[in-house]
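Quick notes on the structure that follows.
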Amino acid sequence: MTSNKKHIWDERNNIKRLLKVFFTICVVLFAADLVVDKQTHMPWEEWPGFYAMYGLVACVVLVLVSKYILRPLMMRDENYYE
Amino acid sequence: MNNFLVPAFIFIFGALFIPLLRGRLKQGYVLLLPLLGLVNFLNIPIGTHFQVDFLHYQLILGEMDRLARIFGIIFHIVSFITILYILNFDNNTEYAAGFCYAGGALGVILAGDLITLFFFWEFLTVSSMFLILARKTRKSTQAAFRYTLIHAVGGLFLLAGIIIHSHETGSLVVSQIGLNGLGSYLIFIGFGVNCAWPLLHSWLVDAYPEATIGGAVFLSAFTTKTAVYALARTFPGETSLIWIGTAMAAFPIFYAVIENDLRRVLAYSLINQVGFMVVGIGIGTELAINGAVAHAFADIIFKGLLFMSVGAVMYRTGKVNATDLGGLYKYMPITCAFCIVGAASISAFPLFSAFISKSLVMSAAAHEGLWVTWFTLLFAAAGVFHHAGIKIPFFTFYGHEGDYGGEVKEAPKNMLAAMGISAFLCIFIGSAPGFLYDLLPYEVEYHPYSYDHVIAQLQLLFFSAMAFTLLLLSGIYPAEMRSLNVDADYIYRKGGKLAFFLLDRSLNSINAFVDRTVAKGMTARLSRFFSLGPGRLALAVIKSLWQMSGIGAVELVESEKRFLEKYKTANFSIGSTAIFALAIVLLFFIL
Chain A
1 MTSNKKHIWD ERNNIKRLLK VFFTICVVLF AADLVVDKQT HMPWEEWPGF
51 YAMYGLVACV VLVLVSKYIL RPLMMRDENY YE
Chain B
1001 MNNFLVPAFI FIFGALFIPL LRGRLKQGYV LLLPLLGLVN FLNIPIGTHF
1051 QVDFLHYQLI LGEMDRLARI FGIIFHIVSF ITILYILNFD NNTEYAAGFC
1101 YAGGALGVIL AGDLITLFFF WEFLTVSSMF LILARKTRKS TQAAFRYTLI
1151 HAVGGLFLLA GIIIHSHETG SLVVSQIGLN GLGSYLIFIG FGVNCAWPLL
1201 HSWLVDAYPE ATIGGAVFLS AFTTKTAVYA LARTFPGETS LIWIGTAMAA
1251 FPIFYAVIEN DLRRVLAYSL INQVGFMVVG IGIGTELAIN GAVAHAFADI
1301 IFKGLLFMSV GAVMYRTGKV NATDLGGLYK YMPITCAFCI VGAASISAFP
1351 LFSAFISKSL VMSAAAHEGL WVTWFTLLFA AAGVFHHAGI KIPFFTFYGH
1401 EGDYGGEVKE APKNMLAAMG ISAFLCIFIG SAPGFLYDLL PYEVEYHPYS
1451 YDHVIAQLQL LFFSAMAFTL LLLSGIYPAE MRSLNVDADY IYRKGGKLAF
1501 FLLDRSLNSI NAFVDRTVAK GMTARLSRFF SLGPGRLALA VIKSLWQMSG
1551 IGAVELVESE KRFLEKYKTA NFSIGSTAIF ALAIVLLFFI L
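Keeping their order, the protein sequence lines are chains A and B. Going by the numbering used here, the first residue of the first sequence is number 1, and it counts up by one from there. Going by the numbering used here, the first residue of the second sequence is number 1001, and it counts up by one from there.
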C-alpha cells in the first residue's frame, strides 16, 4: 500500500454514507424498542427508548464534565512532575 | 505420589532456563511452557494438594476448587498469548519476569493458607516491577520505583493483617474472612491496593503505560485480577465492596476522555472494568460472583487484546499519544480489525465477550434492587464504549492521519497471531457463552440473548456512539492535548517532594547547626584552647616579669608573638622552659 492511494475514508461521500447508515440503525433500534416484549427488573426499563436516551445523555454529560470541569482542574503541562 | 506439579513452580523454575537457550529452541520452549503448564493444571483434581510443613505451620500450595480453576485456566491462556506476542523482542528479562509474574499469580490462586498467599503475592509484585524497568527509560525507572514503593506499603498492610488475623482467630486458612477486627481490615486494604481501589489506584495508571510493550499486556492481566480473586475468596458479600466497585467503575471514564496517552486510557478503563467485578463480589450472590468471575475472564482477554493492538502501533510508529496517531487503518488494517474486536468486546456488543459477562453483574445489581449502583454501572457501560470502544480505535486508526515519516508496516506475524487468538476468543466467548458459563464457580441460569436485552444494549451503545458523533461533528468534543492529568498520585509525587523539602529543611538545618557549632566550631575552639591555653596562662605570668625588667611597649608585643609561636611549636630553650615551670608553680601558689 502506498500513502498516495485513495483509501475508503478519504472519500467524503463514504463518510456521509456511513453516517446515514448509522443514523438509520439508531432510528430502527428506537422503533424496535416499542414492539419488543420486555422482562424488566427496574420500572424505568419499560419506558420506551430508556436505554437510548440514557446512553445519549450519559455520554454527553460525560464529555461535558470531562472537558469543562475535570480538564481545567486537573490538566497540567506534560513535564509537570519533572 | 501426585502425577502433577505445583503450577507456579513450572513457570518460575521454567523461567530459569530461558537465558540458556537460543533462537528457535528458545521460542519453542517459551511457547511450550504455558501449554505444558495448562495441561498440568487441568490435571489437578478438585481438592487439597501439596501440603508442606513449615516451622509449625502447614502450608498448602494447591487448594483447587472451581473458582481457582477458572482463574488458572485464563492465566495460562493469557500467558501463552502474551509470550507469543513478545516473541519478536526476544528479551530475556521480559520472558523471565513475565513467567515469574504469571507464576506468582498462579501461586496466589492455589494458596490454601495466608502465608503461601502472601509469599506469592509479593513474588508477583517484585516480578512485575521488572516488566516496567525493562523499558529502560528514565521515566519508566522512576515509575517502577513508585510502583514498588506503593506495593511495598500494600504488602505490609497485608502482612500485618495476616499476623493480627492469625492471632485473633488462630486460623491461616484462605476462606471467607469478612470485615471484623483490625486484622481483617488490614488484609482488606492490602488486597485493595492491588485491586486499584479509588485513591489507591494511581500506581496503575502511573506505571502500566511506562512498561514495555509486552510488559503492559502482562500487567493488564494479573495483578488486579489476582486481587479480584483474593477478594472473591475472602470477602464475598462485603457490602462496602459494592460502593468501592461503583466508584471504580465511574470515575476513571472521565479521566479516560481527556487522557492523551492511549495506554493510559486503557489503564483507566482497566480500573473501570475491575469496578464491575468488585461490585459483583460485593453483592455476593451466586449470580453476582459468577458475573465477577466471568467478567474477569473476559476482561483479561479483551483488555490484553486492546493493549496488544495499541502496543503493535507503538512498536511500528514509536508513538502512543492520540495527538500523534490517526489514519493507521491504511497501513495496519489487520491490527485495526483486531483492535475493533477488542473495542466491541469491552463495550459489550452482542456476540462479543463482555455482553455475556457484564450483564451478569448488571442483573445481579438489579435483582438486589441496588438502583444507584445499577444506574452508575449503566453509565460506566456507556462511558467505556465511549472511551475504550470508540476513542481508542478512532484516534489510532481513523481521524487525522499522524506524521509517520513514510510508510508504516503491518504488525509482525507473531503479534498478529497473538491478537488473532485473543480476537477469536472474544467472539467465541460472546457468541457461545455456554463454554464460559460451564466453568463458573456456580451453576448459571442466565440467558443473555433475549430480544429485549440485545435491543436494550444496542440502543445504549448506538446512542452513546451518536453522542460521540454529534459532539465530534459540532466541535465540542475535547481535542486531544499534549498534557498530563493530575490524579491521586499527586499526593505522593508532590507530597513526597514536600515531605522531602520539609525533612530537608528541618533535619538538615539541625545537622548544619550541629556541624557548625560542634564539629567545626567546638573542635577548633577546643584545639585552640588546648594548644594555646596554657601558653597564654604562662604568658600572663611571664609578661609581668618582662614588664618588671623594664622592656619597651613595641618590644613587648614582639616578644609576646614570639613566645606564642614558640609555644605552639613547643620550641623553647631549656632556660625558658624552666621559667615557665617556675611561673606555673608560682601561679598555683598564688591561686
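Note that CB positions come from ideal geometry on N, CA and C, so glycine has one too. Since the structure is predicted, the reported quantities are computational estimates derived from the model, not experimental observations.
Bridge partner(s) assigned by DSSP for residue i
| i | result |
| --- | --- |
| B:Met-983 | Coverage of chain B is limited to positions 1001 through 1591, which leaves residue 983 of chain B absent and any answer about it impossible. |
| B:Gly-1062 | B:His-1049 |
| B:Leu-1484 | A:Arg-76 |
| B:Val-1541 | In DSSP, B:Val-1541 forms no bridge with anything. |
| B:Phe-1054 | B:Tyr-1057 |
| B:Asn-1321 | B:Asp-1261 |
| A:Val-60 | According to DSSP, which records beta bridges pairwise, A:Val-60 is partnered with nothing at all. |
| B:Asp-960 | Limits of chain B in this structure are 1001 at one end and 1591 at the other, which puts residue 960 of chain B out of reach. |
Own chain, CB closer than 6 Å to residue i, minus 5 neighbours either side, in chain order
| i | result |
| --- | --- |
| B:Phe-1580 | Ala-1538 |
| A:Lys-67 | none |
| B:Ala-1344 | Phe-1352 |
| B:Gly-1062 | His-1049, Phe-1050, Leu-1110 |
| B:Ile-1574 | none |
| B:His-1151 | Thr-1125 |
| B:Leu-1591 | none |
| B:Leu-1025 | none |
| B:Ser-1079 | Pro-1034, Ala-1102 |
| B:Ile-1189 | Phe-1157 |
Residue i classed as buried or exposed, judged by whether at least 16 other C-beta atoms fall within 10 angstroms
| i | result |
| --- | --- |
| A:Trp-44 | exposed |
| A:Ser-3 | Legend: pLDDT at A:Ser-3 = 49, less than 50; position of this residue unreliable, no value from coordinates given. |
| A:Val-28 | exposed |
| B:Pro-1007 | buried |
| B:Thr-1577 | exposed |
| B:Gly-1550 | exposed |
| B:Glu-1168 | exposed |
| B:Gln-1457 | buried |
| A:Phe-23 | exposed |
| A:Asp-33 | buried |
Under 7 Å by beta carbon: chain A residues contacting residue i
| i | result |
| --- | --- |
| B:Leu-1458 | Leu-29 |
| B:Met-1314 | Near B:Met-1314 there are no residues of chain A at all, since even the closest Cβ is about 17 Å away, more than 7 Å. |
| B:His-1386 | Cys-59, Leu-62 |
| B:Tyr-1477 | Val-63 |
Close beta carbons around residue i, own chain, < 8 Å, minus the five adjacent residues each side
| i | result |
| --- | --- |
| B:Thr-1323 | Asn-1260, Glu-1480, Met-1481, Arg-1482 |
| A:Lys-38 | Glu-45, Glu-46 |
| B:Gln-1547 | Leu-1556 |
| B:Leu-1532 | Leu-1564, Tyr-1567, Lys-1568 |
| B:Ser-1240 | Leu-1179, Gly-1282 |
| B:Thr-1246 | Gly-1275, Val-1279, Val-1372, Thr-1373, Thr-1376, Leu-1377 |
Interface partners of residue i on chain B, CB under 9 Å
| i | result |
| --- | --- |
| A:Leu-34 | Simply none; closest approach about 10 Å. |
| A:Glu-11 | Simply none; closest approach about 13 Å. |
Nonlocal neighbours in the same chain, by C-beta distance under 7 Å from residue i, ignoring five residues either side
| i | result |
| --- | --- |
| B:Pro-1433 | Ile-1356, Pro-1448 |
| A:Ile-15 | Trp-9 |
| B:Phe-1218 | Thr-1082, Gly-1098, Tyr-1101, Leu-1131 |
| B:Asn-1290 | Leu-1360, Leu-1440, Pro-1441, Tyr-1442, Val-1444 |
| B:His-1201 | Ile-1271, Ala-1488 |
Listed by chain order, chain A residues near residue i by CB distance under 9 Å
| i | result |
| --- | --- |
| B:Ile-1242 | The premise fails here: B:Ile-1242 is roughly 16 Å from chain A at the closest Cβ pair, so nothing lies under 9 Å. |
| B:Ile-1271 | Per Cβ cutoff of 9 Å: no residues; B:Ile-1271 is ~15 Å from chain A at best. |
| B:Ser-1202 | What B:Ser-1202 touches in chain A: nothing, since even the nearest Cβ is about 12 Å away. |
| B:Met-1466 | Phe-22, Phe-23, Cys-26, Ala-52, Gly-55, Leu-56, Cys-59 |
Chain E contact residues for residue i, given Cβ-Cβ distances below 8 Å
| i | result |
| --- | --- |
| B:Trp-1371 | No chain E appears in this structure, whose protein chains are A and B. |
Amino acids of chain B, ordered along the chain, whose beta-carbon sits closer than 8 Å to that of residue i
| i | result |
| --- | --- |
| A:Arg-17 | Per Cβ cutoff of 8 Å: no residues; A:Arg-17 is ~14 Å from chain B at best. |
| A:Val-21 | Chain B residues near A:Val-21: none, gap ~11 Å exceeds 8 Å. |
Within chain A, the residues that residue i reaches when beta carbons sit closer than 8 Å
| i | result |
| --- | --- |
| B:Phe-1493 | At residue 1493 of chain B the sequence reads Arg, which differs from the Phe that was named. Per Cβ cutoff of 8 Å: Tyr-81. |
| B:Arg-1482 | Glu-78 |
| B:Asn-1485 | Leu-70, Arg-71, Met-74, Met-75, Arg-76 |
| B:Phe-1254 | Leu-62, Val-65, Ser-66, Leu-70 |
| B:Tyr-1229 | Result: empty, since nearest Cβ-Cβ is about 28 Å, beyond 8 Å. |
* Looking at C-beta atoms only, is the number of pairs between the segment 1078 to 1091 of chain B and the segment 1401 to 1417 of chain B that lie closer than 8 Å three or more? -> yes
* Asked: Is there contact between the segment 1251 to 1258 of chain B and the segment 62 to 79 of chain A, where contact requires at least three CB pairs shorter than 8 Å?
  -> yes
* Cβ pair count under 8 Å reaching 3, the segment 1161 to 1170 of chain B against the segment 1184 to 1194 of chain B -> yes
* Taking one C-beta from the segment 1223 to 1241 of chain B and one from the segment 1303 to 1319 of chain B each time, how about it: are there three or more such pairs within less than 8 Å? -> no
* **Stretch-stretch touch, CB-based, cutoff 8 Å, three pairs: the segment 1036 to 1046 of chain B with the segment 71 to 79 of chain A** => no
* Asked: Per the contact definition of three or more C-beta pairs closer than 8 Å, is the segment 1296 to 1309 of chain B in contact with the segment 1361 to 1381 of chain B?
  -> no
* Contact between the segment 1395 to 1406 of chain B and the segment 1267 to 1287 of chain B (3+ Cβ pairs under 8 Å) -> no
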